[in-house]
Structure formats: C-alpha cells, structure tokens
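Q:
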Amino acid sequence: MSVAHTTAPRIGSFCTGYGGLDMAVELVLGGRLAWYAEVDRHARAVLAHHWPGVRNLGDIRAVDWTRVEPVDVVTVGFPCQDISNAGKRAGITGVHSSLWTSVADAVRALRPPLVFVENVAALLRRGFDVVEADLAALGYDTSWTCLRASDIGAPHRRDRLFLLATPADKVGGGADVADTVRP
326 MSVAHTTAPR
336 IGSFCTGYGG
346 LDMAVELVLG
356 GRLAWYAEVD
366 RHARAVLAHH
376 WPGVRNLGDI
386 RAVDWTRVEP
396 VDVVTVGFPC
406 QDISNAGKRA
416 GITGVHSSLW
426 TSVADAVRAL
436 RPPLVFVENV
446 AALLRRGFDV
456 VEADLAALGY
466 DTSWTCLRAS
476 DIGAPHRRDR
486 LFLLATPADK
496 VGGGADVADT
506 VRP
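Going by my numbering, the residue at position 33 of the sequence shown is 358; the numbering climbs one at a time, nothing skipped.
1. What residues are listed by DSSP as bridge partners for Val445?
2. Which first and last residues belong to the beta strand (DSSP E) in which Val398 is found?
3. On the CB-based measure, 16 or more other CB atoms within 10 Å of its CB, does Ala359 come out buried or exposed?
4. Based on the DSSP output, what are the partners of Ala387 in its beta bridges?
5. So, using beta-carbon positions, are Gly416 and Asp430 closer together than 8 Å?
6. Based on the DSSP secondary-structure assignment, which residues constitute the bridge partners of Asp466?
7. Would you please state the rounded distance, in angstroms, between the beta carbons of Val398 and Ile336? I believe it to be under 8 Å.
8. For the beta strand (DSSP E) containing Trp425, name the first residue and the last one.
9. DSSP has Ala373 in a bridge; who is on the other side?
10. Count the other CB atoms, across all protein chains shown, that sit within 10 Å of the CB of Gly345; report buried if there are 16 or more and exposed otherwise.
11. Tell me whether Leu382 sits in a helix, a strand or coil according to DSSP, three-state version.
12. Here's the rule: buried if 16 or more other CB atoms are within 10 angstroms of the residue's CB, otherwise exposed. What is Ala493?
13. Closer than 8 Å by C-beta to Ala446: which residues in its own chain qualify, once you throw out the five before and the five after it? Chain order, please.
14. Across which residues does DSSP place Cys405 in a beta bridge pair?
15. In its own chain, which residues sit with a C-beta less than 8 Å from the C-beta of Leu424, not counting the 5 before and 5 after it?
16. Just the C-alpha distance for Gly497 and Trp469, rounded to the nearest angstrom, thanks.
This is how it looks when you write it as structure tokens:
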C-alpha cells in the first residue's frame, strides 16, 4: 500500500511504551497514530492522554492481524529487559524480549511500507542477527544506526539502536519506498 504525498501516513505501534518513538515518527513524517498495542497500565494511561480515542489493541500475541486496519508505518519498541546490559542478558530469546517473534508475525500479516524499530544498542550483540534475518525473510531491507541521548544534547548516555526496514522490492522503478511518506 503506497501513500500519496497529500495523505498523512497512518501509523501503527507495537510495544508502544509511553509513545516517544511514535511522537517522533508523527512529527517527522506528518502522520497520525491509527492504533497501538500496549499492555502496561501506566503506559496505557500516558497513551490515552496523548492520543485520546486511538484504539489500543492490547497484547500483540492475542491480536488477529488479518482484522487490523492496515497502516503505512509500523513503530516497534519491543522489550529490552533481556537484551540490555542492565538486565540478565538472556538475549532476544529471553522471557520478555522474545516478544520480537510476535512482532515479526504482525509485520508478516500487515506488510507496512515502513517499519521503525527502536531498542537498546546491546541488541547488536544479543539478537540483531535475528531481527535482520526475520525482516529479510519477510522481504525487507534494513538500515540502522546507534545514537546516544548525549548525541542530541541530553545529559546522559542512553545508547539506542534505531532500525528502518523497507520492502526489498522498490516501488516506482527503483524509487526509494521511504519517498512515498516523506512530507
């Protein structure tokens, strides 16, 4: 599904947390959040405040993605507890971070033109190969970078990995699919 330049991209969010990634994507792409999937009660309260009336799909493991409204962009901030240096370092197969498998299943069903993933930079050592392989198997190419909060002026390090996945088969005779949602 391609988005016309006159239409704001519709955004769906998995493992939304407080919605920081979604706010950034809305701001940069001029889009709007169509739905999110979050189970934490505190995060849900923040999300309901920022996006009143936007539907919470709840636990992504229980959603029938064939019945979910399609979106142009998916944002993902899947749990990092098992990946983080501050955690038990079980990796992407740990109790919390293994939720990535459900994220991949949702992306398989929805086939969005853009997927933004955010996680701790330690993902590079504890599961990045799985994320890239799963997205490649679904037909996506990826680009990624790591940024510290201090890189943009914050008084702390907080190193994060940001990944953008786009369909490997480019639209419009080789045009970059990201062009379809640029304002």
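Each residue gets a CB set at the ideal place from its N, CA and C atoms; glycine is no exception.
A: With the structure as the only source:
1. Arg485
2. Val398 to Val401
3. buried
4. Ala387 is not bridged to any residue.
5. no
6. Thr491
7. 5 Å
8. Run containing Trp425: none in the beta strand (DSSP E); it sits in the alpha helix (DSSP H), Trp425 to Leu435.
9. None; Ala373 has no bridge partner.
10. exposed
11. coil
12. exposed
13. Cys471, Asp484, Arg485 and Leu486
14. BP columns for Cys405 are empty, so no partner.
15. Cys340, Ile385, Arg386, Phe403 and Pro404
16. Note that Gly497 has pLDDT 48, beneath the 50 cutoff, so the model's placement of it is unreliable and the number below is only indicative. Taking the straight line from one Cα to the other gives about 24 Å.
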